[in-house]
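So the sequence shown is residues 1 to 104, counted in full-length UniProt numbering.
The beta-carbon is built from N, C-alpha and C at its ideal position, and this holds for glycine as well.
Just below is one structure, and these are the notes that go with it.
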Amino acid sequence: MTHRVAIRPSGAELEVRGDEDVFTAARRLGYRWPTVCGGKGTCRTCFVEVDEGAENCSPVGPLEREGIQALRRPVDGRTRLACQLRVAGPVTVTKRGVRRPVQE
Ligand code: FES
């Protein structure tokens, strides 16, 4: 079972599995996604703005909460860390710097 996560402005569409976060799915599918820590939840470089489907997003855990607060954003479900974000339905996010796979 996968869920579609659309990325603006690149127009990328990821099929994210139920057992992986958005960042991991993007990497598995060959996308480049801004990161420093490689998905450990500590660099905050992977953050996204959720445009649609916030109700399909996993709850914010303690590590992610800390990261969002360090970004000086409200923890209101709009700013999320892609490496901590799991989805249970379609979601649209804005993230600049996500590149499509070379072969497509
Ligand atoms: S990749 Fe570093 S916090 Fe998500």
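Between R44 and L14, the beta carbon gap of about 20 Å keeps them out of contact (Cβ cut-off 8 Å).
The C-beta of C83 has 16 or more other C-beta atoms within 10 Å across all chains shown, which makes the residue buried.
By the neighbour-count criterion, in which a residue is buried when 16 or more other Cβ atoms sit within 10 angstroms of its Cβ, T2 is exposed. Where V22 is concerned, the enclosing alpha helix (DSSP H) starts and stops at 22-28. Closest in C-alpha terms to R78, from the list E66, G53, L63, comes G53.
Pairwise C-beta distances place the segment 61-71 out of contact with the segment 26-37, as fewer than three of them are shorter than 8 Å. Per DSSP, E55 lies in no beta strand (DSSP E) and is assigned neither H nor E. When the alpha-carbon of T94 is set against those of Y31, C57, D51, R4, the nearest one is in D51. Residues close to the ligand FES by the beta carbon criterion (under 7 Å to any non-hydrogen atom) are, from first to last along the chain, F23, T35, V36, C37, G38, G39, K40, G41, T42, C43, R44, T45, C46, G67, L81, A82, C83, Q84.
Collapsing the DSSP output to three states places A82 in a helix.
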